[in-house]
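Numbering (my numbering), first residue to last: 5 to 510. A virtual CB, placed ideally from N, CA and C, is assigned to each residue, including glycine.
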């Protein structure tokens, strides 16, 4: 691998643990009966502990992007391994998210939160002491699995122990936690990599999780009450295994194929994914016929709006690759520092904050067409930024205007996309449907990171000039823009279908 090929990336926003994903994940678990709420003086401490868990899961996606160049230098990691360090975490989280919620149903949510936190601390230690890129990828998979066990218990516990009158306020703060994790990930991570506290290199971004996680583990044992639903649901282990295998057969060759010259085994793995998908569908149908609880309720896909919305959600979260290629362009192509690259994502972050704040007013004016507007803004933003990257020696006003436009578009979409996709789903299936949507979003993130960053490296080739990186960045943004353009068409079809159904119902 070219030693100048990869530099650190700014934090991504469309990643495991986003507010809409977390709310959906919470809906996966069955509503519990009235649990024993903590005393008022302890409720704040219980929430603080839970929110630490909610904070850590997305933080470790954000912060690792900034460490990629140091990981490359320190471990000699390949392009493919660097992509997997990012996508493996998201994939493991996506596959086990629903299962993590159901484990809380089976064994108690505090118990599974503590189990997930302990696993997260252990995995962070494995990441921090990884001797090579291969072991780091494995440790990241374990870390994603632990996050998937830990994260769904947070809102499930909140819903069980916080009085209904206080839940809106608590949920708002919960959303703030995720926004804060993105800021801390990009700025704090950049500072850690730049200033190397205690003389530590990139390993500090993982090792810092250990004391924080231990304190959260102890706090959950002391302050968080146990809660568990009266009706327990089983775990579809065959479904989990088959879906995991399906993702492996697609994402692994996608990340390793280009570097290996696309040998026969890559196409064999792609081909094998087809019968595995068929077997997964057959298995889920069999579990459903026997009265069990399949990982994915296939009856949901008979709803046209839901099926169309899943495609929309998948394509939307494929744009996560933008953040990885953006950082490579800035740090490798333009030789910016990690901290400067972290700060450089702030125009997008500003738009990302403005979007949700204006979303309620926009929805009141244009209704569900907010999807079309959001995707249009992202298309224009990515196109403008890509054009400016190749026509100016350094990021200029049009470049950053494009970022703001794309950020506002994504901010408008995040509060709306899950709600609109689930609009026609029966209430009794809303929890499971939310889990399916959430997993689809995260799979889209992992898939997009692998595919679009692979295209970026393919266009870049062995060249190392700023112009070459600008061209590769523009090409990758062109793919992002085409995906968002496709989403515009799908969103129009979705809104028209839902409007037709509403007229029929009236």
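Query - Span separating the alpha-carbon of residue 294 from that of residue 288 - result: Going from the Cα of residue 294 to the Cα of residue 288 covers about 10 Å.
Query raised in the report: Are there 16 or more other CB atoms within 10 angstroms of the CB of residue 106, so buried, or fewer, so exposed?
Result: It counts as buried.
Report task. Could you have a look at residue 273 and say whether DSSP puts it in helix, strand or coil? Result -> Three-state result, residue 273: helix.
Requested in this report: Note down the Cα distance separating residue 508 from residue 441, rounded to an integer number of angstroms.
Outcome: C-alpha separation (whole angstroms): 26 Å.
Report task. Identify every run of the alpha helix (DSSP H) within the region 372–436, keeping only runs that are complete inside it and at least 4 residues long; order them along the chain. Result -> If we require 4 residues or more, the alpha helix (DSSP H) runs fully inside the region 372–436 come out as 374–395, 401–417, 421–425.
Query - Rounded distance between the beta-carbons of residue 220 and residue 367, thought under 8 Å - result: That pair is no contact at about 36 Å.
Query raised in the report: Does DSSP classify residue 230 as helix, strand or coil?
Result: Correct three-state label for residue 230: coil.
**Report entry** Cβ distance (whole Å) where residue 291 is taken to contact residue 103 below 8 Å
**Finding:** Separation of the CB atoms of residue 291 and residue 103 is rounded to 13 Å, and the pair is thereby denied contact status at 8 Å.
Query raised in the report: When the Cα atoms are used, what is the spatial distance from residue 209 to residue 248?
Result: The C-alpha of residue 248 is placed about 27 Å away from the C-alpha of residue 209.
Query - Environment of residue 393 [buried if 16+ CB atoms lie within 10 Å] - result: Result: buried.
**Report entry** Rounded separation between residue 2 and residue 271 - CA only
**Finding:** With the chain represented from 5 up to 510, any question about residue 2 goes unanswered, as that position is not in the structure.
**Report entry** Contact belief for residue 284 with residue 243 at Cβ below 8 Å, rounded distance in angstroms
**Finding:** 7 Å between Cβ atoms; contact.
Query - Where the alpha helix (DSSP H) containing residue 475 begins and where it ends - result: From DSSP, the alpha helix (DSSP H) with residue 475 extends over 470–509.
**Report entry** Residues of its chain near residue 354, where Cβ-Cβ distance is below 7 Å and the 5 sequence neighbours each way are ignored
**Finding:** Cβ within range, chain order: 408, 411.
Query raised in the report: Which residues mark the beginning and the end of the alpha helix (DSSP H) in which residue 109 is found?
Result: Residue 109 -> alpha helix (DSSP H) spans 83–111.
Query - Beta-carbon proximity check, residue 462 vs residue 322, cutoff 9 Å - result: A distance of 9 Å or more separates the beta carbons of residue 462 and residue 322.
Report task. Pick out whichever of 359, 126, 127, 121 has its Cα sitting closest to the Cα of residue 156. Result -> With respect to the C-alpha of residue 156, the residue from 359, 126, 127, 121 having the closest C-alpha is 121.
**Report entry** DSSP three-state assignment for residue 340, whether helix, strand or coil
**Finding:** Residue 340 falls in the coil class under three-state DSSP.
Query raised in the report: With respect to the alpha helix (DSSP H) encompassing residue 74, which residues constitute its N-terminal and C-terminal limits?
Result: Note, residue 74: alpha helix (DSSP H), 72–79.
Query - Which of helix, strand or coil DSSP assigns to residue 64 - result: Under the three-state reduction of DSSP output, residue 64 falls in the helix class.
Requested in this report: Report the three-state DSSP secondary structure of residue 204 (helix, strand or coil).
Outcome: The answer is coil: DSSP assigns residue 204 none of H, G, I, E or B.
Query raised in the report: Can you tell which of 381, 269, 125 has its C-alpha closest to the C-alpha of residue 256?
Result: Shortest Cα-Cα distance from residue 256 to any of 381, 269, 125 involves 269.
Query - Spatially closest choice to residue 144 from 201, 69, 265, by CA coordinates - result: It is 69 whose Cα lies nearest to the Cα of residue 144.
Query raised in the report: What are the boundary residues of the alpha helix (DSSP H) that residue 296 is part of?
Result: Secondary structure note for residue 296: it is in no alpha helix (DSSP H), with a DSSP letter that is neither H nor E.
Query - Beta-carbon proximity list for residue 38, same chain, < 7 Å, skipping 5 on both sides - result: Caution applies to residue 38, whose pLDDT of 43 falls short of 50 and renders its modelled position unreliable; the value that the coordinates give is listed next. So the list is empty, once near-sequence residues are dropped.
Report task. For residue 395, count neighbouring C-beta atoms within 10 Å of its own C-beta (all shown protein chains included) and say buried if the count is 16 or more, exposed if not. Result -> By the neighbour-count rule (16 or more Cβ atoms within 10 Å), residue 395 is not buried but exposed.
Query raised in the report: Buried or exposed: which applies to residue 136, given that a residue is buried once 16 or more other Cβ atoms fall within 10 Å of its Cβ?
Result: Per the 10 Å Cβ criterion, exposed.
Requested in this report: Work out the CA separation of residue 403 and residue 320 for me, nearest whole Å.
Outcome: For residue 320 and residue 403, the distance between alpha carbons rounds to 21 Å.
Query raised in the report: Are there 16 or more other CB atoms within 10 angstroms of the CB of residue 241, so buried, or fewer, so exposed?
Result: Exposed.
**Report entry** Candidates 397, 429, 495, 497, of which the one nearest residue 470 by Cα
**Finding:** For residue 470, the nearest C-alpha among the options comes from 397.
Query raised in the report: Distance, Cα to Cα, residue 227 vs residue 77?
Result: A straight-line Cα-Cα distance of about 42 Å links residue 227 and residue 77.
Query raised in the report: What number of angstroms, rounded off, separates the C-alpha of residue 5 from the C-alpha of residue 281?
Result: Confidence at residue 5 is low in this model, with a pLDDT of 44, below 50, so the placement of that residue should be treated as unreliable; the coordinate-derived value is given next. Linking residue 5 to residue 281 through their CA atoms gives a straight-line distance of about 34 Å.
Query raised in the report: Which residues in the same chain as residue 205 place their Cβ atom closer than 7 Å to its Cβ, once the five residues preceding and following it in sequence are excluded?
Result: 74, 78.
Report task. Consult DSSP for residue 456 and reduce its assignment to one of helix, strand or coil. Result -> Under the three-state reduction of DSSP output, residue 456 falls in the helix class.
Query - Cβ separation of residue 317 and residue 425, assumed to be a contact under 8 Å, to the nearest whole Å - result: Cβ-Cβ separation between residue 317 and residue 425: approximately 6 Å, consistent with a contact (criterion under 8 Å).
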